[in-house]
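Peer 1: Residue numbers (full-length UniProt numbering): 1 to 81.
All residues carry an ideal CB built from backbone N, CA and C; glycine is no exception.
Note that the structure is predicted; figures quoted are calculated from it, not measured.
The structure under discussion is supplied below as structure tokens; questions concerning it will follow.
Structure follows, in structure tokens:
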């Protein structure tokens, strides 16, 4: 098992939980477009922040938790070729 798998899972879980309110709002019987727009604006802001601070986001939110999990289960993370 390599470290990339763990990082992918952490990433997908995080973004999935962030996208869930938009998914629910768009599937609602009574569609609240203003609420959807607010969620989309929040996501756009978050993605812009992640783009501008990619190194920090990667170190703190992706690689750090993946490294800790790998250490907890006794896996040595390696750099892919």
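How is the alpha helix (DSSP H) around residue 42 delimited, first residue to last?
Peer 2: Taken as a continuous stretch (DSSP letters only), the alpha helix (DSSP H) holding residue 42 covers 33 to 52.
Peer 1: Within the same chain, show all residues whose beta-carbon is closer than 8 Å to that of residue 36, passing over the 5 residues directly before and after it, in chain order.
Peer 2: Cβ neighbours of residue 36 beyond the five flanking positions: 22, 25 and 26.
Peer 1: What is the DSSP secondary structure of residue 89, reduced to helix, strand or coil?
Peer 2: Here the chain comprises residues numbered 1 to 81, so residue 89 is not present and cannot be evaluated.
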